[in-house]
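Count along the sequence shown from 1, add 221, and you get the number used in the numbering used here. No residue lacks a Cβ here, since even glycine has one placed at the ideal position from N, Cα and C. Step one of this worksheet: look at the structure below.
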Amino acid sequence: MWYTLKGFIRKEKQKVNDILLAFLLTLFAGLATGVGSLLAFFAKTTNTKFLSFSLGLSAGVMIYVSMVEIFFKAKDSLTAALGSDEGYWLTVISFFGGMLLIGLIDKFIPKYSNPHEVKKVEDMERPEKSINNPELMKMGVFTALALAIHNFPEGIATFISAIENPSVGFAIAVAVAIHNIPEGIAVSVPVYYATGDKRKAFKLSFLSGLAEPIGAVVAFFILMPFLTDTMFGIIFAMVAGIMVFISIDELIPAAKRYDETHLSIYGVMCGMAVMAVSLLLLY
Numbered sequence: 222m223w224y225t226l227k228g229f230i231r232k233e234k235q236k237v238n239d240i241l242l243a244f245l246l247t248l249f250a251g252l253a254t255g256v257g258s259l260l261a262f263f264a265k266t267t268n269t270k271f272l273s274f275s276l277g278l279s280a281g282v283m284i285y286v287s288m289v290e291i292f293f294k295a296k297d298s299l300t301a302a303l304g305s306d307e308g309y310w311l312t313v314i315s316f317f318g319g320m321l322l323i324g325l326i327d328k329f330i331p332k333y334s335n336p337h338e339v340k341k342v343e344d345m346e347r348p349e350k351s352i353n354n355p356e357l358m359k360m361g362v363f364t365a366l367a368l369a370i371h372n373f374p375e376g377i378a379t380f381i382s383a384i385e386n387p388s389v390g391f392a393i394a395v396a397v398a399i400h401n402i403p404e405g406i407a408v409s410v411p412v413y414y415a416t417g418d419k420r421k422a423f424k425l426s427f428l429s430g431l432a433e434p435i436g437a438v439v440a441f442f443i444l445m446p447f448l449t450d451t452m453f454g455i456i457f458a459m460v461a462g463i464m465v466f467i468s469i470d471e472l473i474p475a476a477k478r479y480d481e482t483h484l485s486i487y488g489v490m491c492g493m494a495v496m497a498v499s500l501l502l503l504y
């Protein structure tokens, strides 16, 4: 009985550790917007080669892990709960449901305030010419709101993935963090050039990234209590759909717009290769 109790305590401690790790990974991914904000202040020009390769790398990781790992984990869970045919159908429906969800979010965000639109530090006016510019300030605020809306489902995706498999969750968190860096630039630069206040610009960028850990909190308190095999499979398939949509609709096109040669595609291939080797080493 004593050994049974010790085993139960050890198992519960591990569960708590996994949840804390998932929260930390989601927080890390969200706060990468602050890194982008700092880069905007201290870099005189945008390092387009770095951003192109990094965004491609992020897309490669997301696409590979979604199609090879997450989708089939969801399928296994749903077919075990509902049977082969019904489970597979629900996996596919949930996958495209995730795409539809993030697609609708994108559709209702005005294009000029979409955080995935390419913005460079050197493209903005000089701060002394644009301080108290209400249009720039409006752009920065709306971009921050748009980023928060985008980050919310990404936070759920990162958290749920990390709960299921911390190693996969880590890879996804890094991929999300990479693509949050240019989003931080997109928020902070117009606010800084409208106000001349670096602190205010950084704060707004930083706060917009907090939507990601808020998504994790929602996932924990609202979704986790109902996380049966069926619910887990549906959410996991939707996570795969969300990440594939973000990669194809936003990351790869953004990487190509920053691109000078074929760095973005090399980044995609490297991201897939890194994720493939990581999964092989896990099993």
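(1) Under the rule that 16 or more other beta-carbon atoms within 10 Å means buried, what is M493, buried or exposed?
(2) With respect to the alpha helix (DSSP H) encompassing G277, which residues constitute its N-terminal and C-terminal limits?
(3) What runs of the alpha helix (DSSP H), each 4 residues or longer, lie entirely inside the stretch 281–317?
(4) Please classify F247 as buried or exposed, where buried requires at least 16 other C-beta atoms within 10 Å of its C-beta.
(5) Exposed or buried, which one is K294 when buried takes at least 16 other CB atoms within 10 Å?
(6) Considering only residues of the same chain and omitting the five flanking positions on each side of A394, which have a CB-CB separation below 8 Å?
(7) Is the number of C-beta pairs between the stretch 281–292 and the stretch 462–474 that are closer than 8 Å three or more?
(8) Would you please state the rounded distance, in angstroms, between the beta carbons of G277 and L484? I believe it to be under 8 Å.
(9) Rounding to the nearest angstrom, what Cα-Cα distance links A365 and D327 in this structure?
(10) Would you mind giving the Cβ-Cβ distance between F317 and A461, rounded to the nearest angstrom? I have them listed as a contact below 8 Å.
Let's see:
(1) buried
(2) 269–285
(3) The DSSP assignment places 292–303 as complete runs of the alpha helix (DSSP H) inside the stretch 281–317, in order along the chain (cut-off: 4 residues).
(4) Before going on, a small fix: residue 247 reads as Thr here, not Phe. The residue is buried, with at least 16 neighbouring Cβ atoms inside 10 Å.
(5) buried
(6) L246, T247, F249, A250, T379, A383
(7) The stretch 462–474 and the stretch 281–292 touch, with three or more beta-carbon pairs separated by less than 8 Å.
(8) Their Cβ separation, rounded to whole angstroms, is 7 Å, which keeps G277 and L484 in contact under 8 Å.
(9) 14 Å
(10) Not really, about 10 Å apart at Cβ, beyond 8 Å.
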